[in-house]
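The numbering of the sequence shown is my numbering, which starts it at 493 and goes up by one.
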Amino acid sequence: MLHQSGVIVGTMQENYSIYQKAYYRYMSFQTLNCPSCGAELELQYRHSKMVVCKYCGQTSYINAGLADPTGEKILLADYGSLLSVGKRGKLKGKTFQVLGRLRFDYEDGFWDEWLIWFDGQEYTDFWLQEDEGEFTLFTKKELSYRVPEFDKVKVANQMAINGQGVFVTEKNRATINGGEGELSFQVMPGEQADFIDGILEGKPVSLEYMPGETVFNIGETVALTDFQWL
493 MLHQSGVIVG TMQENYSIYQ KAYYRYMSFQ TLNCPSCGAE LELQYRHSKM VVCKYCGQTS
553 YINAGLADPT GEKILLADYG SLLSVGKRGK LKGKTFQVLG RLRFDYEDGF WDEWLIWFDG
613 QEYTDFWLQE DEGEFTLFTK KELSYRVPEF DKVKVANQMA INGQGVFVTE KNRATINGGE
673 GELSFQVMPG EQADFIDGIL EGKPVSLEYM PGETVFNIGE TVALTDFQWL
């Protein structure tokens, strides 16, 4: 509610939520310098563990608030995507911003995964997978149980993930081509990233055997008409 003096007045819980969000946004912004070319790297994501310089392509890990030039220099080829790092829009009515991108190569070509955040949900990683012009919005889910080894999973069979039966539709080996912008974990171009796609209760799911971590995502398909650009 707005008081006559112009000061916002509300419940303690409402005011705390406002201040908490403002504090979070303030603390999540940081500017570093690329250790290779010296360009400014503007970080907007509090949980960023890796950043790629848009000028020289230097991949750097973020350790103790500093950019460590651990990786190679790779600038991803632009194939005319609707998305780009820093772009803002609405997806099904919810405002979002693109923070970063990972590109994966596999035997049938490549696909991109865009890290985005939704306003008011900055603590949650969302990934927009783009594959041959089709989009799927994935949300990372914690794994409660150990998943089967990649080599033991068979296509057109069921596998257990978190105690639920997932029907496996695809299984393949991929390689990380490179990244762009900010990312919430540390990977290097050239590393192997095997993946399994499946269906769980009518929803697309993805299990990615990343270096050092196995990532489970549950998704929903996204149509081009679901996007609005700001």
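Every residue gets a Cβ at the ideal spot worked out from N, C-alpha and C, and that includes glycine.
Quantities reported herein were computed from a predicted structural model and do not represent experimental measurements.
- Query: Helix, strand or coil for leucine 716 per DSSP?
  - Reply: Mapped onto the sequence shown, residue 716 falls at position 224. Leucine 716: helix per DSSP, three-state reduction.
- Item | Three-state secondary structure assigned by DSSP to aspartate 611 | Numbered from its first residue, the sequence shown carries residue 611 at position 119. If DSSP states are grouped into helix, strand and coil, aspartate 611 belongs with coil.
- Query: What does a CB cutoff of less than 8 Å around phenylalanine 719 pick up in its chain, not counting 5 residues either side in sequence?
  - Reply: Along the sequence shown, read from residue 1 onward, the residue named residue 719 stands at position 227. Counting only Cβ-Cβ distances below 8 Å, and skipping sequence neighbours, we find Leu574, Gly581, Lys582, Leu583.
- Task: Classify lysine 546 as helix, strand or coil using the three-state DSSP reduction.
- Result: Within the sequence shown, the letter at position 54 stands for residue 546. Coil at lysine 546, not helix or strand.
- Go through its chain and collect everything with a Cβ distance to glycine 657's Cβ below 7 Å, but skip five positions before and after it. Here residue 657 is taken as the residue at index 165 of the sequence shown, counted from 1. Excluding positions up to five away in sequence, the list reads Gln650.
- Message: Would leucine 716 and phenylalanine 627 qualify as a contact pair, given that the criterion is a beta-carbon distance under 9 Å?
- Response: Numbered from 1 along the sequence shown, position 224 holds the residue referred to as residue 716. Numbered from 1 along the sequence shown, position 135 holds the residue referred to as residue 627. Cβ atoms of leucine 716 and phenylalanine 627: closer than 9 Å.
- Query: Taking the continuous beta strand (DSSP E) assigned at proline 696, which residues delimit it?
  - Reply: Here residue 696 is taken as the residue at index 204 of the sequence shown, counted from 1. Note, proline 696: beta strand (DSSP E), 695-702.
- Query: Straight-line CA distance for threonine 713 to cysteine 545?
  - Reply: Counting from 1 along the sequence shown, the entry for residue 713 is found at position 221. Counting from 1 along the sequence shown, the entry for residue 545 is found at position 53. C-alpha separation (whole angstroms): 31 Å.
- Item | Bridge-paired residues (DSSP) for lysine 632 | In the sequence shown, counting from the first residue as 1, residue 632 sits at position 140. Answer by DSSP bridge pairing, in chain order: Asn709.
- Examine the Cβ distances between the segment 640-647 and the segment 658-670 and report whether three or more of them are shorter than 8 Å. yes
- contact_flag[the segment 622-636, the segment 603-614] where n(CB pairs < 8 Å) is 3 or more: yes
- Item | Rounded Cβ spacing between serine 540 and isoleucine 554 (contact assumed at less than 8 Å) | Indexing the sequence shown from 1 puts residue 540 at position 48. Indexing the sequence shown from 1 puts residue 554 at position 62. At roughly 6 Å, the Cβ-Cβ gap stays under 8 Å, so serine 540 and isoleucine 554 are in contact.
- Message: Just to confirm before moving on: does the CB-CB distance between isoleucine 710 and glutamate 700 stay below 9 Å?
- Response: The residue you call residue 710 lines up with position 218 of the sequence shown. The residue you call residue 700 lines up with position 208 of the sequence shown. No; because the gap between Cβ atoms is not below 9 Å, this pair is not in contact.
- Task: Count the other C-beta atoms from every protein chain shown that fall within 10 angstroms of the C-beta of arginine 595, then say buried if there are 16 or more, exposed otherwise.
- Result: Residue mapping note: residue 595 aligns to position 103 of the sequence shown, counting from 1. Arginine 595 is buried by the Cβ-count criterion.
- Which ranges would you report for the beta strand (DSSP E) in the segment 635-692 if only whole runs of at least 3 residues count? 650-653, 656-664, 666-675, 686-692
- Can you name the residues that DSSP bridges to arginine 593? Position 101 of the sequence shown, counted from the start, is the residue given in the question as residue 593. Answer is Trp606, Glu672, bridged to arginine 593.
- Task: Could you check if glutamate 599 is buried or exposed, using at least 16 other CB atoms within 10 Å of its CB as the buried criterion?
- Result: Position 107 of the sequence shown holds residue 599. It is exposed - the Cβ of glutamate 599 has fewer than 16 other Cβ atoms within 10 Å.
- Top-ranked residue by Cα proximity to glutamine 678, from Thr523, Val647, Pro561: Against the sequence shown, residue 678 aligns to sequence position 186. Here the closest residue by C-alpha is Pro561.
- Between glutamine 621 and chain B, is there a C-beta pair that is closer than 9 Å? Annotation note: the requested chain B is absent from the structure, which comprises a single protein chain.
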